[in-house]
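In what follows, a single structure is set out as structure tokens and then discussed.
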Amino acid sequence: MSPSWDDIDYENRLIDINHSVVYRFMENGKSEYHVSTPKTKAGTRVIPMMEAVYQAFQDEYEAQKERGFNMAVIDGMSGFVFANRFGGVHNPGTINRAIRRIYEAHNAEEIVEAKKQKRQPIIIPHFSCHHMRHTFCTRFCENETNVKVIQAIMGHKDITTTMDIYADVTQDKKTEVINSLEKKVAIF
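Residue numbers (the numbering used here): 41 to 228.
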């Protein structure tokens with residue numbers, strides 16, 4: 041997904057997910073960006089913004105007023121929200137490499153600090169943009185019981201995808217829920 045500024049409804053705090061920008065490797069060995077519809081009909085959706093997302097879009101807009109807006113035109117579409125340092129759209133591989141550099145730098149520093157403090161290092165495991173989406177969905181499932189709402193916001197075509205993630209909540213959350221239930225229901 042790569043929203044355009046036109047897809048952001050600040051007044052109602054909504055994001056219209058109606059396209060995605062894909063990076064395709066072509067037969068000639070080159071790669072190109074293309075705009076396409078989401079993979080499934082369910083992928084086209086309007087989702088509400090959390091306050092932090094709303095603020096991040098506001099901040100990004102203000103920053104781009106200073107440094108310049110995304111100048112990319114892809115398949116006749118323009119006005120993409122996120123801009124790389126050259127004023128174009130981000131390549132997903134570039135974002136994942138940046139994430140990797142951040143956690144690898146942290147881990148290297150943490151190993152040194154842990155050694156100095158004679159403790160086990162707290163290492164950040166490998167993760168990517170897709171892991172962040174999955175983590176968001178897992179946290180969402182931990183805090184929302186309406187699976188159809190989760191499915192609609194996540195854009196899952198099939199409810200089984202949502203249910204698989206919903207069923208995969210953390211052990212800590214399972215324990216928390218049982219402890220909470222125990223306080224509310226007297227079994228004996």
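Here a beta-carbon is modelled for each residue, glycine too, at the ideal position from N, C-alpha and C.
| query | result |
| --- | --- |
| Is the number of C-beta pairs between the stretch 122 to 129 and the stretch 140 to 157 that are closer than 8 Å three or more? | no |
| Considering only C-alpha positions, which residue in the set Thr-200, Gln-98 and Ile-151 is nearest to Ile-164? | Ile-151 |
| Please check the pair Phe-122 and Asn-110, which I expect to be a contact at CB under 8 Å, by giving their CB distance rounded to whole angstroms. | 7 Å |
| Helix, strand or coil for Phe-126 per DSSP? | coil |
| Please state if the CB of Gly-83 and the CB of Ile-55 are separated by a distance shorter than 9 Å. | no |
| Residue ranges of each alpha helix (DSSP H) run of no fewer than 4 residues wholly in the stretch 151 to 210, ordered along the chain? | 169 to 183, 187 to 194 and 199 to 207 |
| If we require 3 or more residues per run, which beta strand (DSSP E) segments fall completely within the stretch 70 to 112? | 71 to 76 and 85 to 88 |
| Quick check: the Cα distance between Tyr-50 and Ala-154, rounded to an integer number of angstroms? | 45 Å |
| Does the contact criterion of 3 or more C-beta pairs under 8 Å hold for the stretch 176 to 191 versus the stretch 71 to 80? | no |
| Take Ala-103 as the anchor and find which of Met-90, Asp-47, Pro-88 and Asn-124 has the nearest alpha-carbon. | Asn-124 |
| For the beta strand (DSSP E) that Ser-60 lies in, which residues bound it at each end? | 60 to 65 |
| Quick test of the definition: if touching needs 3 or more C-beta pairs under 8 Å, does the stretch 200 to 209 touch the stretch 174 to 182? | yes |
| Is the beta carbon of Ile-139 less than 9 Å from the beta carbon of Val-61? | no |
| Counting along the chain, where does the beta strand (DSSP E) carrying Ile-114 start and finish? | That residue, Ile-114, is in no beta strand (DSSP E); it is neither H nor E in DSSP. |
| So, under 8 Å CB-CB, Cys-169 and Asn-136 are touching, yes? Tell me the CB distance rounded to an integer number of Å. | 6 Å |
| Just list the residues that DSSP pairs Ser-44 with in beta bridges. | Phe-120 |
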